[in-house]
Each structure stands twice: as structure tokens, then as C-alpha cells.
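Accompanying notes for the structure given below.
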Amino acid sequence: LGEGALAEHKVFAIRFCFFFASQLRHEPICRKVFTKKRKTFSSLKQRLQGTEIPSVKKQPPPSKKQPEKKSNWRQLHEDFINAIQSAKQVTKAMKEGRPLPPPPPPSINPDYIQCPYCLRRFNEAAAERHISFCKEQASRRVFAPGQKSAKQAPVSNTFALCFLADRLTRPNRL
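Position one of the sequence shown corresponds to residue -16 (my numbering), numbered consecutively onward.
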């Protein structure tokens, strides 16, 4: 369309220019489209459409509330202060040339869970994995009532024994 054609027809600006006849049809459609809320698109429903898989229902999130952990900031702070003080004592002893003071006792992190089998401590996620593993290992270590330890395999390589005996009896030659 040229400039003359636009001048002949009455044009309204709604972000785009329309001829009057087109705009009469456009306005109600546009109003309807922008006032109506669109449904959220579910690609899962579309993918399952026409298949034999039953539609998947939304499961509500688990309502189990995890118990709040008791804050142990005070103990962590005291451990931190003790670590700084012992480090200062070591630095001071090194400057003065005195023997170093004994190291502070290791602090036990209360957030860690102790393994009942090996008595090591782990965070929650690692403890779950480790304890099941350690339990299995501990059950394997149980011996028969008369057996005290695993039998050692006899050495079958006589060459190695002769070689070692020879090396022990002869002095080193250069």
C-alpha cells in the first residue's frame, strides 16, 4: 500500500496500524485474548497423549517436617578460640626457642554421627552410606567359634625363599 491508500482510509494506532474495517474485527478479539488467563503448558501431557501410559497425577510434596537442628554455635566458637590460642602459644614458643607445647585435644564435632562398628564419625549423608557398608564388613569379619584368625596361605614360591636366604647370608658386593 502506498501513502495515498493510507490517507484514504482512517487508520488507528494500536502498536500496529489497521484499516478501520479490520480494526472493528480486531478489537474484541484482542481484548478477549489479553484479559483471559492462559493455562500453563504441560509437555508431559502432550507427550503422553495418544499413548497407553496413564496420565501422571501430581503427588503432593512430602509433609514430613525435618526437625530443626539445635544450634551449636557456642561450642564451635569456643573450639575456634582454643585453636587460635594454641596457635599463638606455638608461635610464641618458636620465637623464644622453647619446646613446643603439646597440641590441644581434638574437638568432636557434634554434627557428626558415630559409626557403631568402627567408631569413626561422619556427616549425615556419609554416615548413612558408611554404616551400611561397615555393618556388612563387620559381619564378614566374624569367624567360626574355634577359629581365631584367618589362615595364612603357605608360601609356594621356593625360588623367592632361596633368593632371600642367599641375600641374607652373603655380604653385599660392590
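Glycine included, C-beta positions come from ideal geometry on N, C-alpha and C.
Straight-line gap, residue i to residue j (C-alpha atoms, nearest Å)
{"i": "His60", "j": "Ala66", "result": "10 Å"}
{"i": "Gln168", "j": "Lys47", "result": "For the chain, the structure presents residues -16 to 157; residue 168 sits outside this window and is missing."}
{"i": "Pro87", "j": "Lys71", "result": "12 Å"}
{"i": "Thr23", "j": "Gly33", "result": "20 Å"}
{"i": "Glu79", "j": "Asn55", "result": "37 Å"}
{"i": "Ala76", "j": "Arg112", "result": "43 Å"}
{"i": "Phe3", "j": "Ile12", "result": "15 Å"}
{"i": "Arg21", "j": "Gln49", "result": "36 Å"}
{"i": "Arg123", "j": "Ala108", "result": "24 Å"}
{"i": "Ile114", "j": "Thr18", "result": "59 Å"}
{"i": "Ser26", "j": "Ser5", "result": "35 Å"}
{"i": "Pro82", "j": "Val73", "result": "9 Å"}
{"i": "Gln29", "j": "Pro44", "result": "23 Å"}
{"i": "Leu7", "j": "Val16", "result": "15 Å"}
Residue closest to residue i, alpha-carbon to alpha-carbon, out of the options
{"i": "Cys160", "options": "Ile12, Ala76, Phe17, Phe116", "result": "Given that the chain is displayed from residue -16 to residue 157, the structure contains no residue 160 and the question cannot be resolved."}
{"i": "Pro99", "options": "Ser46, Arg21, Lys118", "result": "Lys118"}
{"i": "Pro89", "options": "Glu51, Arg21, Phe63", "result": "Phe63"}
{"i": "Asn92", "options": "Arg57, Pro50, Ile12", "result": "Arg57"}
Neighbourhood of residue i by C-beta, 8 Å cutoff - its chain only, sequence neighbours within 5 removed
{"i": "Asn106", "result": "Asp94, Tyr95, Ile96"}
{"i": "Pro52", "result": "Note on residue identity: the sequence assigns Lys, not Pro, to residue 52. Taken in chain order, the residues that qualify are Asp94."}
Chain-order list of residues whose beta-carbon lies under 6 Å from that of residue i (same chain, five-residue window excluded)
{"i": "Arg104", "result": "Tyr95, Gln97"}
{"i": "Ala110", "result": "Ile96"}
Boundaries of the alpha helix (DSSP H) in which residue i is found, first to last residue
{"i": "Lys118", "result": "107 to 124"}
{"i": "Leu31", "result": "26 to 31"}
{"i": "Pro11", "result": "3 to 18"}
Beta carbon proximity, residue i to chain C, threshold 8 Å
{"i": "Gln58", "result": "Considering every chain present, this structure includes no chain C. It has just one protein chain."}
Task: Whole runs of the alpha helix (DSSP H) within the segment 52 to 98, excluding any shorter than 4 residues - done: 56 to 79
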